[in-house]
Amino acid sequence: MKLPNHLPSLFHQRRALLLALVALAAALVLLAAPRSANAATTTVRVGQNASGAAAQRFNPASITISSGDTVRWEWFNGSHDIQSTNAPGLSSGPRAGFNSPGQAYQYAFTTAGTYTYYCDEHAGPSDAELDKIDQSLAGGKMVGKIVVQQAAGGSLSLSARPVTFPAVALSGMDQDIDAALQTWRASDARGTGAGWNVTITGANLTSGAQVIPADRVKVRLLQSRITIVSGNTAPQTQIADYEPLNPAAPLKLLRASAGTGMGTYDFIPDFRLTLPASTWLGEYTAALVVTVNSGP
224 MKLPNHLPSL
234 FHQRRALLLA
244 LVALAAALVL
254 LAAPRSANAA
264 TTTVRVGQNA
274 SGAAAQRFNP
284 ASITISSGDT
294 VRWEWFNGSH
304 DIQSTNAPGL
314 SSGPRAGFNS
324 PGQAYQYAFT
334 TAGTYTYYCD
344 EHAGPSDAEL
354 DKIDQSLAGG
364 KMVGKIVVQQ
374 AAGGSLSLSA
384 RPVTFPAVAL
394 SGMDQDIDAA
404 LQTWRASDAR
414 GTGAGWNVTI
424 TGANLTSGAQ
434 VIPADRVKVR
444 LLQSRITIVS
454 GNTAPQTQIA
464 DYEPLNPAAP
474 LKLLRASAGT
484 GMGTYDFIPD
494 FRLTLPASTW
504 LGEYTAALVV
514 TVNSGP
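Residues 224 to 519 in the working numbering are what the sequence shown spells out, letter by letter.
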């Protein structure tokens, strides 16, 4: 039996339509604690030094935040706990269990003051006493210091847009696909000059049981695509060349150092997907987590 000669073209059209990569619908993590208009989140890595290497340290070990802000401790390496004699949320007992990926604890500080904490496995309560904390920090002990300032001014906020890739026909070769450009906006109306940063984390793209690894998506932010809407010195890009997304560790995309980034700023990140030649047909989606954090 002879097949109709229009079937090959219909099959080709269907193949192109099925590969609609509506990928990376943005899931925003903007303010950690809605109880305060000034709320932002500062992440402390447990078991990491200031250079980013595994060590019996907290990173950053000393931070300054505003009342209402949240501190989030995330495991990086080793086996640790967190204890304190004066920090709310920590002084009721040890916060143990920092010994594997994904383990974290967070607390929103609502009262101004200076708070200290330590890892009971690698330091002691005397190391974290207020009159010794700076000496212990300088000596490399596993202690931490949090200075909570009374909040004033407005808020730290971020507005991001979904990232969408166009439909593509498979070619039997790897293909680079650029997403449509979207303008994002960051605002710092706190009036503290504490600085801030924007991080981004991606997950694997999935279509049913089929997976495109997260690191097939790369992001960059050109300095020329950061504009001042209103405010002082613009924040600086931290990814001027394409870098792959990492589902296990956020990439720092944008950074305002202390005394800069006080105002409102638009920025346009570039996203590029390298589509493997072995990709299965499907409509792929993933979550893109974008976070604005207090501190540079």
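All C-beta atoms in this analysis are idealised placements derived from N, C-alpha and C, irrespective of residue type, glycine included. Treat the numbers as computed from the prediction; the structure is a model and nothing was measured.
Counterpart residues of residue i in DSSP-defined beta bridges
i	result
Ile435	Leu428
Gly486	Gly454
Trp419	Ala479, Ser517
Phe281	Val269
Phe388	Phe388 pairs with nothing; no bridge assigned.
Phe494	Val442
Thr264	Thr293, Asn516
Thr287	Val370
Pro467	Lys441
Ile449	Phe490
Thr508	Thr429
Gln405	According to DSSP, Gln405 bridges with nothing at all.
His303	Phe321
Gln459	Arg478
Trp298	Val269
Ile400	Leu496
Gly336	Val371
Ala327	Glu297
Leu353	According to DSSP, Leu353 bridges with nothing at all.
Burial state of residue i, where buried means 16 or more other Cβ atoms lie within 10 Å
i	result
Gly418	buried
Arg258	Residue placement at Arg258 is poorly supported in this model, since its pLDDT is 30, which falls under 50; the coordinates still yield a value, given next. Per the 10 Å Cβ criterion, exposed.
Asn455	exposed
Val452	exposed
Leu244	Any reading at Leu244 must be qualified, since the residue scores a pLDDT of 38, below 50, and its modelled position is unreliable; no value is offered.
Val179	The structure shown does not extend to residue 179, since the chain is modelled only from 224 through 519, so no value can be given for it.
Leu404	exposed
Asn469	exposed
Thr502	buried
Ala255	Interpretation of Ala255 is limited by its pLDDT of 23, a score under 50 that renders its predicted location unreliable; no figure is taken from the coordinates.
Ala310	buried
Asn261	Because the pLDDT of Asn261 is 45, which lies under 50, any placement of that residue in the model is unreliable, and the number read from its coordinates should be weighed accordingly. Per the 10 Å Cβ criterion, buried.
Ala361	exposed
Gln271	buried
Asp357	exposed
Ala169	Absent from the structure is residue 169, since the part of the chain shown begins at 224 and ends at 519.
Asp397	exposed
Gly291	buried
Ala390	exposed
Inter-residue CB distance, residue i and residue j (contact presumed, cutoff 8 angstroms)
i	j	result
Val269	Phe332	Rounded, the Cβ-Cβ distance is 18 angstroms, inconsistent with contact.
Ser382	Arg408	5 angstroms
Tyr338	Gln306	Not quite, the Cβ-Cβ distance comes to about 12 angstroms (not below 8 angstroms), so this is no contact.
Gly431	Ala500	Between Ala500 and Gly431 the Cβ distance is about 19 angstroms, and since that is not below 8 angstroms, they are no contact.
Thr265	Ser480	At roughly 15 angstroms, the Cβ-Cβ gap does not stay under 8 angstroms, so Thr265 and Ser480 are not in contact.
Ala277	Gly301	7 angstroms
Asn427	Arg478	At roughly 27 angstroms, the Cβ-Cβ gap does not stay under 8 angstroms, so Asn427 and Arg478 are not in contact.
Glu352	Asp304	Wrong, their Cβ atoms sit about 18 angstroms apart, outside the cutoff.
Beta-carbon proximity of residue i to residue j, cut-off 9 angstroms
i	j	result
Thr497	Ile400	yes
Gln461	Leu445	no
Gln329	Thr293	yes
Thr424	Leu511	yes
Ala366	Asp350	Per the sequence shown, residue 366 should be read as Val rather than Ala. Yes, Cβ-Cβ distance for Val366 and Asp350 is below 9 angstroms.
Arg443	Ala463	yes
Gln373	Ser285	no
Phe490	Thr422	no
Ser274	Trp298	no
Gly347	Arg280	no
Asp493	Arg448	yes
Val515	Ser380	yes
Pro458	Thr483	yes
Pro473	Val440	no
Ala335	Arg295	no
Gly377	Gln433	no
Contact with chain C by residue i, beta-carbon distance below 9 angstroms
i	result
Met485	No chain C is present in this structure, which holds just one protein chain.
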